[in-house]
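**Q** Residue numbers (the UniProt record's numbering): 1 to 178.
(1) From residue 141 to residue 129, what distance separates their C-alpha atoms?
(2) Please find out if some non-hydrogen atom of the ligand ADP comes closer than 8 Å to the beta-carbon of residue 94.
(3) By how many angstroms is the C-alpha of residue 67 removed from the C-alpha of residue 82?
(4) Residue 108 to residue 32, Cα distance in whole Å?
(5) Anyone know if the C-beta pair for residue 115 and residue 5 falls short of 9 Å?
(6) So residue 43 and residue 73 are supposed to be a Cβ contact under 8 Å. How far apart are they, rounded?
(7) For residue 80, count the other beta carbons within 10 Å of its own beta carbon; 16 or more makes it buried, fewer makes it exposed. Which is it?
(8) Considering only residues of the UniProt domain "NB-ARC" (1 to 152), which uninterrupted alpha helix (DSSP H) runs meet the minimum length of 4 residues and lie entirely inside it, listed in chain order?
(9) Do residue 101 and residue 69 have their beta-carbon atoms positioned less than 9 Å apart in this structure?
(10) By how many angstroms is the C-alpha of residue 85 removed from the C-alpha of residue 13?
(11) Please look up how many angstroms separate the CB atoms of residue 29 and residue 90, rounded, as I've assumed it's under 8 Å.
(12) Could you tell me the distance, in whole angstroms, from the CA atom of residue 174 to the CA atom of residue 162?
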C-alpha cells in the first residue's frame, strides 16, 4: 500500500460523481468482509443518492440474503447511471460475490482498487492502471516540495541534502510516506 491507488480513485470519484447524480457509492471492502454487509451498504448508498423514482425499498437486515440484495442493486444500476467504487479489494471472491449486481449496467461505472494482482487481473488489460512507486529523482523532488515548501523554489538546503536523501530512500518511492 501507499502508492496512491485510493487517493487517485478518490480524486476521480469526487470529480465525476456529479455526472452520476442518480446514484454513486464508495464502499471499502478490506481484507475481512461480509458480503451481505457490503451489498446492504451499497444498496443503502445508491438509494440515498437516487431520485424519488426508486423502486420500493427492500429491508436491509437479517432477512436479506445475497440474492435479494444483488437483485435490488442490479435493478437500480440497470435503470440509473451509477458510479461505484469498491476500495481495497483483497481477494477475487469479494468481487466475484458482488459482481452479479453489476450485470447489464449501461452507462454506469465500477472502479476497484486493490493491491492484489489476481484481483486486478479480473479487469480487462486496457482498463487496468497499475501504479508504481516513484523513482528516486521524483521522490526527492516531492519530498523537498513538501518539506521545504516555504523555501525559495521549494529546494532542499545544501546542508540537509544528505539527511533528506536518507529519508527519501527509507520511503521507497511511496508518495504517502514522503
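Think of the CB as a built atom: it goes at the ideal place given N, C-alpha and C, for glycine as much as any other residue. Fair warning: this is a prediction, and the values are worked out from it, not measured in the lab.
**A** Quick look at the numbers:
(1) Taking the first residue of the chain shown as position 1, residue 141 is located at position 141. Taking the first residue of the chain shown as position 1, residue 129 is located at position 129. Just so you know, the alpha carbons of residue 141 and residue 129 end up roughly 23 Å apart.
(2) The ligand ADP is absent from the structure shown, which contains no ligands of any kind.
(3) Translated into positions along the chain shown, residue 82 becomes position 82. Translated into positions along the chain shown, residue 67 becomes position 67. Each residue's Cα considered, the two are about 20 Å apart.
(4) Indexing the chain shown from 1 puts residue 108 at position 108. Indexing the chain shown from 1 puts residue 32 at position 32. When rounded, the distance between both Cα atoms is 27 Å.
(5) Residue 115 sits at position 115 when you count from the first residue of the chain shown. Residue 5 sits at position 5 when you count from the first residue of the chain shown. Pairing residue 115 with residue 5 gives a Cβ-Cβ distance under 9 Å.
(6) For the purposes of this step, residue 43 is taken as residue 43 along the chain shown, with counting starting at 1. For the purposes of this step, residue 73 is taken as residue 73 along the chain shown, with counting starting at 1. Yes, they are in contact, since the Cβ atoms of residue 43 and residue 73 sit about 5 Å apart, within 8 Å.
(7) In the chain shown, the residue the question calls residue 80 occupies position 80. Counting other Cβ atoms within 10 Å of its Cβ, residue 80 reaches 16 or more and is therefore classed as buried.
(8) Complete alpha helix (DSSP H) runs here, min 4: 5 to 16, 35 to 48, 66 to 79, 92 to 98, 117 to 120 and 136 to 147.
(9) Here residue 69 is taken as the residue at index 69 of the chain shown, counted from 1. Here residue 101 is taken as the residue at index 101 of the chain shown, counted from 1. Contact annotation: residue 69 and residue 101 have beta-carbon atoms nearer than 9 Å.
(10) Counted from its first residue, the chain shown places residue 13 at position 13. Counted from its first residue, the chain shown places residue 85 at position 85. Going from the Cα of residue 13 to the Cα of residue 85 covers about 8 Å.
(11) Reading the chain shown from its first residue, position 29 is the one you call residue 29. Reading the chain shown from its first residue, position 90 is the one you call residue 90. The pair is a contact, with the Cβ atoms about 7 Å apart (cut-off 8 Å).
(12) Within the chain shown, the letter at position 174 stands for residue 174. Within the chain shown, the letter at position 162 stands for residue 162. So the two alpha carbons sit approximately 19 Å from each other.
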